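These notes are about the structure you will find just below.
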Amino acid sequence: MSTDAKELAGKNRLHSKGISTLHYVAYNDSRVEESQSIDLQQTGADDGRVHWSHIDGLGDHALINAVAGRYGIHSLLLEDILNAKQRPKLEDYADSTYIVAKLVSFDAVKKRISSEQISLVLGKNYLLSFREKPSALFDGVRERIRSGKGRIRSQKSDYLAYTLLDTIVDEYFVVVEALREQIDLLQSRLLTKSDPQIPKVIHQVRLEVASFRRGIWPLQKVVEQLLKSESSLIDPQTKPYFRDVHDHLLRILDHVEALHETLNSIIDAYLSLSSQRMNEIMKVLTLFSTIFLPLTFIVGVYGMNFKYMPELEWRFGYPLTWLVMIGVATGLGIYFQRKKWL
Amino acid sequence: MSTDAKELAGKNRLHSKGISTLHYVAYNDSRVEESQSIDLQQTGADDGRVHWSHIDGLGDHALINAVAGRYGIHSLLLEDILNAKQRPKLEDYADSTYIVAKLVSFDAVKKRISSEQISLVLGKNYLLSFREKPSALFDGVRERIRSGKGRIRSQKSDYLAYTLLDTIVDEYFVVVEALREQIDLLQSRLLTKSDPQIPKVIHQVRLEVASFRRGIWPLQKVVEQLLKSESSLIDPQTKPYFRDVHDHLLRILDHVEALHETLNSIIDAYLSLSSQRMNEIMKVLTLFSTIFLPLTFIVGVYGMNFKYMPELEWRFGYPLTWLVMIGVATGLGIYFQRKKWL
Amino acid sequence: MSTDAKELAGKNRLHSKGISTLHYVAYNDSRVEESQSIDLQQTGADDGRVHWSHIDGLGDHALINAVAGRYGIHSLLLEDILNAKQRPKLEDYADSTYIVAKLVSFDAVKKRISSEQISLVLGKNYLLSFREKPSALFDGVRERIRSGKGRIRSQKSDYLAYTLLDTIVDEYFVVVEALREQIDLLQSRLLTKSDPQIPKVIHQVRLEVASFRRGIWPLQKVVEQLLKSESSLIDPQTKPYFRDVHDHLLRILDHVEALHETLNSIIDAYLSLSSQRMNEIMKVLTLFSTIFLPLTFIVGVYGMNFKYMPELEWRFGYPLTWLVMIGVATGLGIYFQRKKWL
Amino acid sequence: MSTDAKELAGKNRLHSKGISTLHYVAYNDSRVEESQSIDLQQTGADDGRVHWSHIDGLGDHALINAVAGRYGIHSLLLEDILNAKQRPKLEDYADSTYIVAKLVSFDAVKKRISSEQISLVLGKNYLLSFREKPSALFDGVRERIRSGKGRIRSQKSDYLAYTLLDTIVDEYFVVVEALREQIDLLQSRLLTKSDPQIPKVIHQVRLEVASFRRGIWPLQKVVEQLLKSESSLIDPQTKPYFRDVHDHLLRILDHVEALHETLNSIIDAYLSLSSQRMNEIMKVLTLFSTIFLPLTFIVGVYGMNFKYMPELEWRFGYPLTWLVMIGVATGLGIYFQRKKWL
Amino acid sequence: MSTDAKELAGKNRLHSKGISTLHYVAYNDSRVEESQSIDLQQTGADDGRVHWSHIDGLGDHALINAVAGRYGIHSLLLEDILNAKQRPKLEDYADSTYIVAKLVSFDAVKKRISSEQISLVLGKNYLLSFREKPSALFDGVRERIRSGKGRIRSQKSDYLAYTLLDTIVDEYFVVVEALREQIDLLQSRLLTKSDPQIPKVIHQVRLEVASFRRGIWPLQKVVEQLLKSESSLIDPQTKPYFRDVHDHLLRILDHVEALHETLNSIIDAYLSLSSQRMNEIMKVLTLFSTIFLPLTFIVGVYGMNFKYMPELEWRFGYPLTWLVMIGVATGLGIYFQRKKWL
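Protein chains in written order, with our numbering: chain A, 1 to 342; chain B, 1 to 342; chain C, 1 to 342; chain D, 1 to 342; chain E, 1 to 342.
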């Protein structure tokens, strides 16, 4: 076992024991402050800055409860954050908005989609984000905050929420591409020789596409609600950005719809081709059988050992038999040609 | 027959004769009073306490009529309670709300879903609940009331109604799991050898999933109505709890939808695989037939007993025949290889 | 021909010639008056009583026109009553409401559903009902009026309309039961041996279920309209009764939906089982063919009559041939076992 | 070529060259004036009369432009009238309403549905109607105007529009009947022996039903719009008549829906029966093959010419062989009976 | 490589390097000014003229940014214009409306549909249009402006937007025709002999029709939004023109729907015909096998070499055997005729 693998195993053990890590960033136009310690004293102060607390891993209930307490999170909401099996949804509270999204990723090795929950709690001057498993997904966003590139530093917490949602939705395009590749592969396999694995692969991809669609559809509803929301938490100037995310989701849904239709068409094509190939096989079998069964019968007749069989004594019995057999074969050949089997 | 079995039989007999049992609990923040007798004097008094009367079994009409009379239940409503074949529904009356839900359970032995009716009548300071068959389902709720754990004691009757609905909906997750297990089993059987039982099992599971869905869908509508309801019986502070139940129901519907799609995909995969296997079988049959039919014909020819067959006298007639036969077989082999059958 | 049959034939002849019979009942809390004569003098008087005129058979236009004239029925409405091919519908007129319903019944002998039209014209203090064919369907209602049982005598014409609709909808449950029985029979036949009649029976039952559904759906809409109606003809106190009818219709639609899904599942199961059985048959055929074709070829070889065939002279040629053949058969057996065909 | 046929050919030639014929009728309660000349002086005068100009054939643009100019028809509207490929639609203009309907007819010889466009422009005191091809369809309406039968003479232009729509919709019933006949024929052919033409006929009828439905659905929308319209052009008293047309269209849609479902069911039944028949055929083939292949092998064995074959010398070798063969055949027979193939 | 091909290659290289070309036209009733230079000084002046800037090719970001800057285009909008993968959509901004449409064209050689994005930005007195690839599509519009034919010169920028959309939608009809031709070809191939290519062609055409439909549906929504829009940019007098475009889109959707249904029906017909042909083939095979297998067995019996076979010595053994065989064959023939296989 290499040192890296050991470290990884150690990390996993810790995680399963319930480690959560906090990344706290507070920023405004002029300055950025960061902290990873659990010393939460500064968090949430209403000082014109945006306070973003991101928690990776849902194991350390003490930490999460401390954060939740400070921001006055409802107990039912906290339950939803911790029980990572929610559907994407939006809930408006008096002074915060709760958003559940699903981060979907494609495992290139197992050829399987996996999804995990990301919860956002958006307040006037803060954003809490919770992610099931630790990863580097939001590192780019923090980097942008630090460097002050783009408009993120001059905006409020709603823009930060948009940035996170946008990051999540961008991952969907990767999954769509991966699914499309699998389906294109299926299509090209379909056109070559009959492959016994195809039905199983179709079945698997189909379930993945369906599960992917079930995850996106409610998220699109969530963003639609955000767009229509009259909550003071969402600035009218940020709405075009959410509309952009909504457009992306609609495009992804279009793609997924296309994948779904392609799969259905592949299934039909597979059945048609299968039926077509069966017909081909049966024609060959029938041709051989119908030609050779009568001939074998004829030669069988003259293989009988009866004492009195006049034909056997004939001078030209043997060639005559050949003539008869050639005639029978030719007749059947013409018959099948008329039936358009040849 | 063991004593237990006798008791059980006795109980069932009683039940079929029409025994209903009443569990009456009245509670507020400070005290809890319980009774199982039919002495209904205290029931329904408007004394700041929540009065919960639960009736197990719908057989004893006298008892049920007495309860109904005391709470002024409409005759049509009473009919619906007694005729346990209602769809889940919500009806608003002047000073009470009537809710019909279905309790669904999975019989692990028969592999069948069974459902029974639970009726709730929610009033200002009381809740009536009626269940078709006696069981321990709500014992946990009573226990919570007795012990005063959680917030139930400090809440009104609407919270009690929520608690009962939540208990019912939690049972659905068990059923979903049982159905998913059956379907996973089907999927793994599908991938191994052709199993003649699969179509029948698919058929049965499909009907169960469909019947389950038909039961949940209207209940989800009922909870939606509760959420939108402006009845004074539902406190705004209890609504988040009903929203939670609604979320659970949506999640269950998502799961059921997924099961439904998986089953459809399994059917298609089964037909494709079946067709695929047929092609395989037919290829083998056709290969053997098309190779051996001509050969058998050839050996038949030289088995004929004509007096004048020059080939039979040839010195190398026999090996020549073998050469011809090997040539024919080889030619057919090449032909099938070109057709990609080998 | 028995006397009964003659009478029946006579009745039918009369009916086809256009006999309509009028049953007129006027009642209030205290008294009931009945008449079958066409003397319509009393009909429709506004005397605090409910005037119910029921007409069986739509043949006698003179009678129907007389009734229509007295109650001031619009000519288009009259046309709809007489042309018994309407869809269930509700039309609100200034001082009356016109309801078309379909009475559906199941012919146990022909195994066919038949439907006929029942038209109701509901006015302030009267109800007209028209039925295509004479029958005893509403006798029970009249009996209830006469005896004064239940609440019917103390209610207005809207309650009478409810009672008739309820009677009609109750008949639907009978039909649902009959259809379910047919489908259960189909299911049990499906699980036994392949039955060539099944596709035809499925086809017939499917058309019946579809036609039944097409009849109920608009009626459910009609009752919904009644529930939402703000017409003064429908008393708010009668609405719970109509809601009850609506619930019944929704339950019937649920049942019909279940039947529909079951049928679809049966079709899929039939095709799967059929395909499955075909595979079984083909395997047997292929096993026999692939084992015996090579063996027959081998024995054919040594049945040839060539002068020079060294094997024929060998001392152990015959047992050796047997050994070879057993070897070939065993090899093929192992091959098929590997392919999981055995 | 008969004189009639010549005349017809002449007419068609003229039509293709662009002849349009005008039928102008102006009427009120007391008098009727008719004209077929293109002298349009009187048309459209606001004199309390209804002015109906019907134009058969869309070829003569000069005439149509003249009419359009007089009634102030928008250029886009005129384009729609002349380009006879519109969908049924309704357009409200300031002082007129434009209605496009499709006249559908069934060609009994070609067994094909054909459709053509009828455009109505409804004004306060006029109605313009345009039909693609000349025919006698509206002769009955003109006859009713002349004779003064019914209520048409006492009504306004909206009633005339209703009459024309009603005439058009009545034609639909004829088409529905023709389609139903074709489908009934299909059904009865289905139940007799396997007919290779059935799939093609199903395909054709299916396309016809689909195209018919696509034509009716938007027309139903049009009439619904008319019913909801608050335009002063539609008198409230005429609305019941339009509601009647709407009912007819809903009934036709019901019928079409039924035809559609029947066709789908026929397709499924065809595939099931086909699969069923295949199973039957395969069983016969397999029975014969599995019984005769072993027997033929056995007789082949004793047809071998080995010098040393002890059985051949046995006294009872031949009858013993028969016994063995009978045993084998019986054994296989029992096996198949167990498998329920017999 | 010919000179033409070189030029083309050069052009493509330039394009891929990011050449965009600007066509600027400013016009009113009396005069037209055109320019292709990037000197943008005049563009966008509010001088009562319509300023139309069309940009072919999205490669030259400097040029596009210059144009965007002058017209004050939002950065998200600019991103959508440059990232040519948007769905058709409409976005209302304070003083402009952004429309994305898809231009669809059919490549007759590859038999494939290709689509590209056209973005319109409609302002009070200007219209910006952006097209992915350079082409002559809008040359006709510019020609109409130059020549002053039609009403375009007297109208505002909204009419120009209509003209461009109309030009785009007209291209759809060409694609519909091309698809219909492909499908008609499929249908005629279906009715002749079994063609192994059909399933693949159906699959391809199906995907094309589906992708075409996905492109049109949102565009229809866009035009609907334009119709309902209360933006001051759309003059009420221009709305009939947009309604016309909407009608065209609905007609195209109807056509696409018809193509879709036809394809589905073709798939079903293909499977039915395939199954039908298989039955035919199997019948022939079974007939031959069941007749010749018993006969071959019989002749095999008398080919055995047993020493003691009394029949072989009979005087009429040989003709008797023939009689038996003819009897067997006749019997089987009658049997199959009864089964309606002949």
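Glycine residues also receive a C-beta, built at the ideal position from the N, C-alpha and C atoms. Predicted model only: the values in this text are computed from it and were never measured.
- Here residue 182/C is buried. Its C-beta has 16 or more other C-beta atoms within 10 Å.
- For residue 248/D, the CB contacts under 6 Å within the same chain, skipping 5 residues up- and downstream, are 169 in chain order.
- Using a CB distance cut-off of 8 Å, residue 27/B does not count as an interface residue toward chain A.
- Within 7 Å of the CB of residue 273/B, the CB atoms of chain A belong to 199, in sequence order along the chain.
- The shortest C-alpha to C-alpha distance from residue 66/D to any of 20/D, 288/D, 141/D is the one to 20/D.
- With fewer than 16 other Cβ atoms from the protein chains shown falling within 10 Å of its own Cβ, residue 335/A counts as exposed.
- Take the alpha-carbon of residue 262/E and the one of residue 340/A: they are about 27 Å apart.
- Within the region 143-190 of chain E, no run of beta strand (DSSP E) reaches 3 residues while sitting entirely inside it.
- Closest in C-alpha terms to residue 250/E, from the list 301/E, 221/E, 274/E, 276/E, comes 221/E.
- Think of a sphere of 9 Å around the beta carbon of residue 305/C: the chain D residues whose beta carbon falls inside it are 305, in chain order.
- Straight across, the Cα-Cα distance linking residue 313/B with residue 304/C is about 12 Å.
- In this chain, the alpha helix (DSSP H) harbouring residue 265/B covers 239-301.
- When DSSP reads this structure, residue 26/A sits in a beta bridge with 33/A, 51/A.
- Check the Cα spacing between residue 246/B and each of 171/B, 297/B, 165/B: the tightest is with 165/B.
- Under the DSSP assignment, residue 91/B falls in the beta strand (DSSP E) whose first and last residues are 89-92.
- Interface annotation, residue 240/E: in contact with chain D, CB-CB separation under 8 Å.
- For the pair residue 27/B and residue 144/B, the CB atoms are not nearer than the 8 Å cut-off.
- Distance from the CA atom of residue 97/C to the CA atom of residue 239/A, rounded to whole angstroms, is 51 Å.
- As DSSP reads the structure, residue 130/D sits in a beta bridge with 55/D, 119/D.
- Looking at 53/D, 128/D, 209/D, the one whose alpha-carbon comes closest to that of residue 36/D is 53/D.
- Residue contact with chain C for residue 308/D: present (Cβ-Cβ distance below 8 Å to some residue of chain C).
- Look at residue 296/B: its C-beta is under 8 Å from a C-beta on chain C.
- Of the candidates 293/B, 290/B, 308/B, 318/B, the residue whose Cα lies closest to the Cα of residue 302/C is 318/B.
- Boundaries of the beta strand (DSSP E) harbouring residue 98/A: 96-107, taken from the DSSP string.
- In terms of beta-carbon proximity, residue 317/D lines the interface with chain E, with at least one pair separated by less than 8 Å.
- As computed with DSSP, residue 21/C is found in a beta bridge with 56/C.
- Taking C-alpha positions only, residue 290/E is separated from residue 295/C by approximately 20 Å.
- In the three-state reduction of the DSSP assignment, residue 326/A falls in the helix class, which pools H, G and I.
- When the beta-carbon positions are compared, residue 227/A and residue 205/A stay at least 8 Å from each other.
- For residue 61/C, the enclosing alpha helix (DSSP H) has its first and last residue at 61-71.
- The beta carbons of residue 121/D and residue 71/D sit about 7 Å from each other, so the pair counts as a contact at 8 Å.
- Here residue 237/A is exposed. Its C-beta has fewer than 16 other C-beta atoms within 10 Å.
- As DSSP reads the structure, residue 112/C sits in a beta bridge with 107/C.
- Close CB contacts of residue 213/B within its chain, under the 6 Å cut and outside five residues either way in sequence, are with 256 (chain order).
- Using a Cβ-Cβ cut-off of 8 Å, residue 258/B counts as an interface residue toward chain A, since at least one Cβ of chain A sits closer than that to its own.
- Less than 8 Å divides the Cβ of residue 103/D from the Cβ of residue 116/D.
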